[in-house]
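Just so it is clear: in the sequence shown, position 96 is 96 by UniProt numbering, and no numbers are missing.
Worksheet for the structure shown next.
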Amino acid sequence: MNHKLIAIDQELTMKLHNPNPNEPTNLQMLVAEIKKSASSSYHGGYIQVPFRVECASYTRLEALVKHTGSSRNKIMNDLLRIGIETLAASLDDETIKTLFEIETSITADLYASGKMKSGDQSDD
């Protein structure tokens, strides 16, 4: 096994369980945006995914979109990131490692297939 991959696995596991205390969490950033005391943006690749939203979640999402003035895509990505981080904080290291290996494989496949798009979200 590649020792560099093991180091990355350990670093990721530590990061998921122990976020940098000097940086605001994604949850803290979104709360600040909702309170209109901060703003953020995403710069990176994206994948378009068809997604059906439950009605109650949709109305809550739209309320956040209207209140913040942010795009629906941005708010959905923020909420998804926060949910995954919250879930990861409750998982054991072995499960985190397994998920990281799967994620790494999916990322490699996306780059190899050319499906990864630029961070331009002008179609939000």
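Every residue gets a Cβ at the ideal spot worked out from N, C-alpha and C, and that includes glycine.
Contact check between the region 48-65 and the region 94-110: fewer than three CB pairs, one atom from each, fall below 8 angstroms, which does not count as touching. Of P21, L27, E23, the smallest CA-CA separation from R81 is found for L27.
The C-beta separation of I75 from L61 comes to about 6 angstroms, placing the pair in contact by the 8 angstroms criterion.
Using a Cβ distance threshold of 8 angstroms, M116 and G45 count as a contacting pair.
CA-CA distance, A88 to L30, rounds to 18 angstroms.
Of the residues N73, D92, E94, the one whose Cα lies closest to the Cα of P50 is N73.
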